[in-house]
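Protein chains in written order, with my numbering: chain A, 188 to 385; chain B, 4 to 173. Think of the CB as a built atom: it goes at the ideal place given N, C-alpha and C, for glycine as much as any other residue.
Right, dumping it as structure tokens:
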């Protein structure tokens, strides 16, 4: 490992240790900073996982309350984001279980749900932006229809940029399962990508 | 060669490689170059895998381009809620410490007062010319009566003094 890589790895480990220490103290300043830092990533994950923005916002708040209450359990040896997403995931699964005896897969069966909200593109007059927006809408709709386990894995991999090991840690599945879900998820999205091109 | 891809049929193997390309899921360095060459050759000859590669690229690009952002209101509400909960937890912890201190004080005072009471009863028994088992029995009755009375009261409040909802009558 070269010196720059060593420096970054060491800096990240220090940051995680600081976070772990702050969470044990229930430091409100640290929590405020973490909420701001992870706001978009966590919400995006929850929106994709739950399929509903309003539900995702409730989970968002609950997740941070859990982080506060169980902060002492974070040891700082792993990435904070991995721990955060694991908490969020368990919350969603617990919610689904409390509603009915089901699994994460059942989220994919909600045919009546509208695709995720896609805000208007930055430059509405630009043709490319419109095409891009339409493609995003198609793929977003496709994401709503594929199995939740595939959706989750694709999101963690391609939106959050997590490593396969980190994803395996968040979803509590073997590495082979993660690889398979990425492959199957992309395959399941194919019809919507083709539809977006038409 | 990556063990995941060893036994797959060529199309499945190619598609899995496409899905994982750019990730550390495939073996690093030399073996990956060999796989990459194989994949390039396969894509040259297989239109459906080529289409899959193109679709995957578009999907990944689209996934990265879908903007879902948290509103300032949500962040603010969450921060307020977390601070409120933190204050509650702090208060609970303070109460817990008060209870701990009280328990320690009660234990200490019980140890001291028991020894003193024992001596007191022994002296009274001696003065009244009572036999040892008598004043010892008196000590036990005196010592246990308050606890027994409180226990009976609590049990009574939990049964016949309680109304149907389980709450206590005024």
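Residues of the stretch 350-367 of chain A that bring their beta carbon within less than 9 Å of a beta carbon in chain B comprise 350, 351, 352, 362, 363, 365, 366, 367, in sequence order. Residues of chain A whose Cβ lies closer than 7 Å to the Cβ of residue 65/B are, in chain order, 322, 323, 326. Between residue 376/A and residue 365/A, the CB-CB gap reaches or exceeds 9 Å. Not flagged as an interface residue toward chain A: residue 98/B, since no C-beta distance is shorter than 9 Å.
Within chain B, the C-beta atoms nearer than 7 Å to that of residue 219/A come from 82, in chain order.
Short of 7 Å from the beta carbon of residue 368/A, and not among the five residues preceding or following it, lie these beta carbons of its own chain, in chain order: 336, 337, 340. In the structure shown, residue 285/A falls within a helical segment according to DSSP collapsed to helix, strand and coil.
Taken in chain order, the members of the stretch 40-64 of chain B whose beta-carbon sits within less than 8 Å of a beta-carbon on chain A are 55, 58, 59, 61, 62, 63. The Cβ-Cβ distance between residue 246/A and residue 271/A does not fall below 9 Å.
Under a criterion of Cβ atoms nearer than 8 Å, the residues of chain B adjacent to residue 227/A are, in order, 71, 72, 73.
With distances taken between CA atoms, residue 333/A lies nearest to 235/A out of 209/A, 202/A, 216/A, 235/A. Cβ-Cβ separation between residue 345/A and residue 67/B: approximately 6 Å, consistent with a contact (criterion under 8 Å).
The shortest CA-to-CA distance from residue 228/A to any of 216/A, 349/A, 362/A, 382/A is the one to 349/A. For residue 55/B, the enclosing alpha helix (DSSP H) begins and ends at 50-68. With 16 or more neighbouring CB atoms inside 10 Å of its own CB, residue 22/B falls in the buried class.
Nearest C-alpha to residue 323/A among 123/B, 42/B, 63/B: 63/B. At a cut-off of 4 residues, the continuous stretches assigned as alpha helix (DSSP H) that sit fully inside the stretch 216-265 of chain A are 240-256. Per DSSP, the unbroken alpha helix (DSSP H) holding residue 341/A starts and ends at 335-341. In this model, residue 89/B and residue 257/A are separated by some 12 Å (Cα to Cα).
Of all alpha-carbon atoms in 85/B, 16/B, 75/B, the one lying nearest the alpha-carbon of residue 56/B is that of 16/B. Less than 9 Å separates the beta-carbon of residue 327/A from that of residue 65/B.
Minimum Cα-Cα distance from residue 53/B among the listed residues 69/B, 75/B, 85/B, 13/B corresponds to 13/B. For residue 337/A, no CB of chain B lies under 9 Å from its own CB, so it is not counted at the interface with that chain. Between the stretch 248-255 of chain A and the stretch 207-220 of chain A, the count of C-beta pairs closer than 8 Å reaches three or more; the two stretches touch.
Its Cα nearest to that of residue 250/A, the residue 81/B stands out among 81/B, 58/B, 20/B. Among the CB atoms of chain A, one or more fall inside 9 Å of the CB of residue 85/B. Not a single C-beta of chain A is nearer than 9 Å to the C-beta of residue 94/B. By the rule that beta-carbons nearer than 9 Å mark a contact, residue 261/A does not touch chain B. Residue nearest to residue 221/A within the set 159/B, 124/B, 86/B is 86/B (criterion: CA-CA distance).
Interface with chain A (9 Å Cβ-Cβ cutoff): residue 21/B is included.
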